[in-house]
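Notes for the one structure printed next.
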Amino acid sequence: MEDEPAHLVRSITHLNLSSNLLIDIPAALASLYNLSCLNLSHNMISFTTGINTVLGNIQELDLRGNRLTVLAGLDRLWALERLDVRDNRIDDAAEIGRLTALPNVSDIWVEGNPFTKLQPDYRVDIFSVFKKSDLDINLDGTKPTFAERRRIQVPTHGNSATISATI
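249 is the number of the first residue of the sequence shown in the numbering used here; add one for each residue after it.
As structure tokens, then:
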């Protein structure tokens, strides 16, 4: 009977830890093997390096309103489908390009990051880099507009998937 609560905790699939003043991803989450959806929004998380060792099976991750400047580590969450990094401190749209390594990613939210003001063509740049990797994504909840689709670079062989920083 003592192990029953631990068994129930391990079976959690959705968890909301938003607005808890967390400064990093709690290592204790690694024991939640069935966790597929995690809300860590509005905390004080500044890095995600090594997150794959804690959240290896996560499919939906909300990191909105934290202190992220880079997305290192998120590119190793192989099951990730939906990611929200709105309202962080990401200065370069190229950081979003890291996510092209993820085979299942389909929805990414980025509004409110500095690069969305500094790089006027960030949407076209991001859609282009994902197109080069044969991935079709929604960005901030939408597919590319007609005008954006006309400007998306067509994949060519031998080109690497990068986003240019234009200010």
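For glycine and all other residues, C-beta sits at the position ideal for the given N, C-alpha and C.
- Cβ contact annotation for Gln-401 (same chain, cutoff 6 Å, sequence separation greater than five): Ser-376, in chain order.
- The alpha helix (DSSP H) runs lying completely inside the segment 346-397 and spanning 4 residues or more are 363-366, 370-380, given in chain order.
- Collapsing the DSSP output to three states places Leu-280 in coil.
- Going by beta carbons, Ile-306 and Leu-288 fall outside the 7 Å limit.
- Counted as a single uninterrupted DSSP element, the stretch harbouring Arg-315 is not any beta strand (DSSP E), since DSSP gives it neither H nor E.
- The C-alpha of Ala-342 is placed about 9 Å away from the C-alpha of Tyr-370.
- Under the three-state reduction of DSSP, Glu-329 is assigned to coil, being neither helix nor strand.
- Listed in chain order, the non-local C-beta contacts of Thr-297 below 8 Å within the same chain comprise Ala-320, Gly-321, local neighbours out to five positions each way being set aside.
- For Leu-288, the three-state secondary structure derived from DSSP is coil.
- Rounded to whole angstroms, the Cβ separation of Ile-273 and Val-318 is 14 Å, and the two are not in contact under 8 Å.
- By the C-beta density criterion, Pro-392 is buried, having at least 16 other C-beta atoms within 10 angstroms.
- Within the DSSP bridge table, the entry for Asp-323 names no partner.
- In the structure shown, the three-state DSSP call for Leu-303 is coil.
- In the displayed model, Leu-263 falls within a strand according to three-state DSSP.
- Cβ-Cβ distances below 6 Å link Asn-264 to Asn-287 in the same chain, with the five nearest sequence neighbours on each side left out; the list follows chain order.
- The residue from Gly-345, Thr-348, Pro-362 with its alpha-carbon nearest to that of Arg-334 is Pro-362.
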